[in-house]
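Protein chains in written order, with this note's numbering: chain A, 3 to 350; chain B, 3 to 350. We put the CB at the ideal spot given by N, CA and C, even for glycine. Here the structure is a predicted model, which is why all the values come from computation and not from measurement. Below is one structure; the comments refer to it alone.
2 protein chains.
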Amino acid sequence: MSINPKLITQANQRFQEKPLLKRDLSYYVEGIRAGNRYILSESITLIESTISEKRSLGLEIIDAFKEHKPETIRIGITGTPGVGKSTFIEALGRYYIGKGHRVAVLAVDPSSYINKGSILGDKNRMQILSSMPEAYIRPTASGATLGGTAIHTKETIKLCEAAGFDVVFIETVGVGQSEIEVGFMTDVNILLLQPGAGDEIQGIKRGIVENADIFVINKADGAMLPLAKQTKLFYRNAIQLFHHKVEGWKCPTLLVSSVDHTGMDEVFQAVNRYKALLQDLHYFDKQRLDQDIRWFHQKTKELIEKITLNQPQLKKAYGTLTDEIQNQSLSASGALAAIESIIKSLFR
Amino acid sequence: MSINPKLITQANQRFQEKPLLKRDLSYYVEGIRAGNRYILSESITLIESTISEKRSLGLEIIDAFKEHKPETIRIGITGTPGVGKSTFIEALGRYYIGKGHRVAVLAVDPSSYINKGSILGDKNRMQILSSMPEAYIRPTASGATLGGTAIHTKETIKLCEAAGFDVVFIETVGVGQSEIEVGFMTDVNILLLQPGAGDEIQGIKRGIVENADIFVINKADGAMLPLAKQTKLFYRNAIQLFHHKVEGWKCPTLLVSSVDHTGMDEVFQAVNRYKALLQDLHYFDKQRLDQDIRWFHQKTKELIEKITLNQPQLKKAYGTLTDEIQNQSLSASGALAAIESIIKSLFR
Chain A
3 MSINPKLITQ
13 ANQRFQEKPL
23 LKRDLSYYVE
33 GIRAGNRYIL
43 SESITLIEST
53 ISEKRSLGLE
63 IIDAFKEHKP
73 ETIRIGITGT
83 PGVGKSTFIE
93 ALGRYYIGKG
103 HRVAVLAVDP
113 SSYINKGSIL
123 GDKNRMQILS
133 SMPEAYIRPT
143 ASGATLGGTA
153 IHTKETIKLC
163 EAAGFDVVFI
173 ETVGVGQSEI
183 EVGFMTDVNI
193 LLLQPGAGDE
203 IQGIKRGIVE
213 NADIFVINKA
223 DGAMLPLAKQ
233 TKLFYRNAIQ
243 LFHHKVEGWK
253 CPTLLVSSVD
263 HTGMDEVFQA
273 VNRYKALLQD
283 LHYFDKQRLD
293 QDIRWFHQKT
303 KELIEKITLN
313 QPQLKKAYGT
323 LTDEIQNQSL
333 SASGALAAIE
343 SIIKSLFR
Chain B
3 MSINPKLITQ
13 ANQRFQEKPL
23 LKRDLSYYVE
33 GIRAGNRYIL
43 SESITLIEST
53 ISEKRSLGLE
63 IIDAFKEHKP
73 ETIRIGITGT
83 PGVGKSTFIE
93 ALGRYYIGKG
103 HRVAVLAVDP
113 SSYINKGSIL
123 GDKNRMQILS
133 SMPEAYIRPT
143 ASGATLGGTA
153 IHTKETIKLC
163 EAAGFDVVFI
173 ETVGVGQSEI
183 EVGFMTDVNI
193 LLLQPGAGDE
203 IQGIKRGIVE
213 NADIFVINKA
223 DGAMLPLAKQ
233 TKLFYRNAIQ
243 LFHHKVEGWK
253 CPTLLVSSVD
263 HTGMDEVFQA
273 VNRYKALLQD
283 LHYFDKQRLD
293 QDIRWFHQKT
303 KELIEKITLN
313 QPQLKKAYGT
323 LTDEIQNQSL
333 SASGALAAIE
343 SIIKSLFR
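What follows is the structure, encoded as structure tokens:
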């Protein structure tokens, strides 16, 4: 995408108000190339900005890495609040780092943090991992409650990968829009469950179960171990109901203890086996490209809906007609016929 | 909705080209009020027409019955091809007629017929039912392959109810868009399954299982009976995974034989129990109104998307940008930024 050079100059002038830092494009690109976590954070903030000059500069940074295609894996981690996602990611992240990888952790659904009332911020949820130089944890942006984060997660992933984080965890709670979002950006999806038959699954959307590639039962330790084993059996049977999208893949059901750090190798191996299968089928890169296109189509539809429905004339009619159906003074088909002609009248 | 009287006059003039029939609004309204199946068919054809004068007249007919609120039940019947939907509907329909009801059968997804290559038409699939004066079976319109039928099914239901058909079966195959459509128009949903553990469920969309209120295993007769009983057990366990939207409702799993006409009373009773529960919770009428509003919102979004994406400038850019993502000459975020400004430029 070509960006108006004037905008970039303006953006740079803005930064030069802070004279100690020469924050031009090369500042960011070189910082990211060097794996600098502070500059990575600054770049992500640009991408998330609602100021178009900043956002344009952010897109320029991503574009600078267009030819850079490192081998990476994007791992979706979904589970309802309380299942222990943070401790699991901390344990698995440390395992990956022990194997020589660098790990980034992103959250699609910021409410996963907000609901837990975390005043200390995300970093305190993963104390050891966040202190390691091989890890990058993206704290929730303050504006994220407005749903802004998810839109930019795809771009954030690319920046993290450019900065040398070759394992990217994308955390979601799996109850809202997040499972749709995560479907546009992960290579493999882990569904985290806790001991106790069937009840957890009811708290998460059906689509999540359908999209999971690996089922992990957390808290398989101490007094919970027998129940965890029962739960494993239960889910292994239940999973038979669901056909996996990749032929030849039988979704494994694994037991882990994030506290005792057991089972991490099995998860690591399962991810590798799944990635290898996708690569054998020449589906790994294709899936990412398909996701890009689906993401573009989905976001375009959302934009069309938002921008069109915000046209004052239509917005007003939409509300009035809804009320009339509610009052039963108009049939739904009558309302639709009326709104169709309004939509058609909107365009130049 | 007010309709231009001139249009109606024009429409009437069109009909008066056939001088033997005086087809004005009262012809249709009176015919429907009398329960005349031929005039009911003609009215549905008006609703489905792409000629706006005819469609307007169709809407006028529905409007004439706005105050008429008979007690009816709209029963969704979903099942993959081969499960025996036609014979089941024939058997259950005859059971309802035996109880003093009048029964209409509609199909949301016309491909359910077309895939079966039925040259003889739908009526021949339900030979006995279709010959009964208490039944009305709507054959697939020839233009229905274009997806037109589903849009108008909601209106068709209202016409059937106005004509005194107080039990309306809405048949879908549950593999395409149809489960979304059916969610806008049924009071109770029956999922029809066949003996054989789990395999059938894989052929239908997850949403169908989630939306089903009553599970019916067909072909529970002769040599299949033991397998049907096993299947019942299997589904009863699997269903535990799914919370029903109505608290206090445990989805029953019933065995029937459409050939031997066994189990029909159990299905009839289950439908009645479900309806009674909804009425106790004051949810029966509310659900219909909610469906009307959701239908209006969904169809409005679809119209917005269709009409906006068809604006020549946007249509062209959408294709070009998709190609550029596919060729990897442009990032998905770059494409989205480009299309956003095009969308914004479309409006007056």
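Buried versus exposed, by CB contacts within 10 Å (16 or more), residue i
i	result
Arg350 of chain B	exposed
Thr47 of chain B	exposed
Glu183 of chain B	buried
Asn329 of chain A	exposed
Ala337 of chain B	buried
Ser335 of chain A	buried
Ser144 of chain A	At Ser144 of chain A, the pLDDT of 40 sits below 50, so the modelled position is not reliable and the matter cannot be decided from this model.
Gln18 of chain A	Because the pLDDT of Gln18 of chain A is 42, which lies under 50, any placement of that residue in the model is unreliable, and the question is left without a value.
Ala230 of chain A	buried
Asn274 of chain B	exposed
Asp356 of chain A	For chain A, the structure presents residues 3 to 350; residue 356 of chain A sits outside this window and is missing.
Gln313 of chain B	buried
Thr324 of chain B	buried
Ala240 of chain B	buried
Glu136 of chain B	buried
Leu235 of chain B	exposed
Ala146 of chain B	Caution applies to Ala146 of chain B, whose pLDDT of 40 falls short of 50 and renders its modelled position unreliable; the value that the coordinates give is listed next. When all chains shown are included, Ala146 of chain B counts as buried.
Gly78 of chain B	buried
Ser331 of chain A	exposed
Asp189 of chain B	buried
His70 of chain B	exposed
Ser259 of chain A	buried
Glu55 of chain A	buried
Ser58 of chain B	buried
Glu304 of chain B	exposed
Ser343 of chain A	exposed
Thr233 of chain A	buried
Supposed contact pair residue j and residue i - C-beta distance, whole angstroms, cut 8 Å
i	j	result
Arg104 of chain A	Val31 of chain A	Contact doesn't hold; Cβ gap of about 18 Å is too wide.
Glu92 of chain B	Met128 of chain B	4 Å
Pro197 of chain B	Ile219 of chain B	6 Å
Lys107 of chain B	Arg76 of chain B	Here residue 107 of chain B turns out to be Val, not Lys, going by the sequence shown. About 12 Å separates the two Cβ atoms, so there is no contact after all.
Ser333 of chain B	Asp65 of chain A	7 Å
Ser43 of chain A	Gly60 of chain A	Not quite, the Cβ-Cβ distance comes to about 12 Å (not below 8 Å), so this is no contact.
Phe186 of chain A	Lys156 of chain A	6 Å
Ile130 of chain B	Asp294 of chain A	Actually they are not in contact, since the Cβ atoms of Ile130 of chain B and Asp294 of chain A sit about 55 Å apart, beyond 8 Å.
Ile345 of chain A	Ile309 of chain B	5 Å
Leu283 of chain A	Ala272 of chain A	Actually they do not touch by this definition, with Cβ atoms about 17 Å apart.
Ile41 of chain B	Thr158 of chain B	Not confirmed; about 14 Å, so no contact.
Thr302 of chain A	Tyr320 of chain B	7 Å
Distance CB(residue i)-CB(residue j) smaller than 8 Å
i	j	result
Val110 of chain A	Glu173 of chain A	yes
Glu163 of chain B	Thr74 of chain B	yes
Glu307 of chain A	Ile306 of chain B	yes
Cys253 of chain B	His245 of chain B	no
Ser81 of chain B	Leu193 of chain B	It is Gly, not Ser, that sits at residue 81 of chain B in the sequence shown. A contact, by the Cβ cut-off of 8 Å.
Thr138 of chain A	Phe270 of chain A	Residue 138 of chain A is actually Tyr in this sequence, not Thr. Not in contact: Tyr138 of chain A and Phe270 of chain A (Cβ atoms no closer than 8 Å).
Val248 of chain B	Leu291 of chain B	no
Gly265 of chain A	Ala222 of chain A	yes
Gln315 of chain B	Leu348 of chain B	yes
Gly33 of chain A	Gly166 of chain A	no
Distance cut-off 7 Å: residue i Cβ against heavy atoms of the ligand NAP
i	result
Asp223 of chain A	By its list of ligands, the structure shown contains no ligand whatsoever, and the ligand NAP lies outside what it can speak to.
What runs of the beta strand (DSSP E), each 3 residues or longer, lie entirely inside the stretch 217–259 of chain A?
255–257
Taking a Cβ distance cut-off of 8 Å, strictly less, list which residues of the stretch 285–298 of chain B are near chain A, in chain order.
Leu291, Asp294, Ile295, Trp297 and Phe298
Start-end ranges of the alpha helix (DSSP H) lying completely within the stretch 257–293 of chain B, minimum 4 residues
266–282
Using a Cβ-Cβ cutoff of 7 Å, what residues of the stretch 158–176 of chain A are near chain B? List them in chain order.
none
Any residues in the stretch 318–332 of chain A with a beta carbon nearer than 8 Å to a beta carbon of chain B? Which ones, in chain order?
Tyr320, Leu323, Thr324, Ile327, Gln328, Gln330 and Leu332
Along the stretch 333–346 of chain A, what residues have a CB closer than 9 Å to any CB found in chain B?
Ser333, Ala334, Ser335, Gly336, Ala337, Leu338, Ala339, Ala340, Ile341, Glu342, Ile345 and Lys346
The stretch 60–79 of chain B: positions lying closer than 8 Å to chain A by Cβ:
Leu61, Ile64, Asp65 and Lys68
Compile a chain-ordered list of the residues in the stretch 302–314 of chain A whose CB is closer than 8 Å to at least one CB of chain B.
Thr302, Lys303, Leu305, Ile306, Glu307, Ile309, Thr310, Leu311 and Gln313
What are the start and end residues of each continuous beta strand (DSSP E) run of 3 or more residues lying completely inside the stretch 16–101 of chain A, in chain order?
75–80
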